[in-house]
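Encoded as structure tokens, the structure appears first; notes follow it.
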Amino acid sequence: MISTVKRFFDKHIKSSSVNTDNVPDHSLQIATAALLIEMMRADTELSVEEQKKISETIRTKFQMTDTETAEVLQLAEEKIWKSTGYFEFTSLLNKRLSHEQKIKVVEHLWEVAFADAILDKHEEYMVRKIAGLIHVSHKDFIETKLRVKKSLTPN
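Just so we're aligned, residue 719 is where the sequence shown starts under the numbering used here, counting upward by one.
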């Protein structure tokens, strides 16, 4: 009887002391995709350009096929629906990514924000909030914004 209960808890309840080094890569993919999707929704206008940018970013960043990308985005949507905030996603990124990789995530957020050529105040707030949650400095936040903005302006 006790062994049955133990097996149940081992199978269904995650310990808070779980080693995060064993977190599968797909969890990082889903967390990143979820933050990008939330970025797209920040201004309440879901543009085709932003959707394309998210798909392109996930596909190239994680070297996925179109089908795999669609699956990750669908899983991210489901995770967003079940989550109570950004902590689930940002804490995973904090545990698994280097500082440079976190800056790259902020860069991707800016790319989504600028994808429709209109930077809404809610989008900027969202990037600032996520950058803070993943411990990216204000200096890096601004430098990344300027770098992305410059890359999008025609010469």
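We put the CB at the ideal spot given by N, CA and C, even for glycine.
- Under a 10 Å Cβ-count criterion, residue 864 is classified as exposed, with fewer than 16 other Cβ atoms of the shown protein chains found around its own Cβ.
- In terms of CA proximity to residue 748, 782 leads the group 868, 818, 833, 782.
- In chain order, 821, 824, 849 place their CB closer than 8 Å to the CB of residue 858, counting only its own chain and leaving out the 5 sequence neighbours on each side.
- In this structure, DSSP gives residue 853 a state outside helix and strand, which the three-state scheme calls coil.
- Here residue 802 is not near residue 851, since their CB atoms are 7 Å or more apart.
- Relative to the Cα of residue 827, the nearest Cα in the group 842, 788, 870, 766 belongs to 842.
- Around residue 769, the same chain offers no residue with a beta carbon nearer than 6 Å, after the five sequence neighbours per side are excluded.
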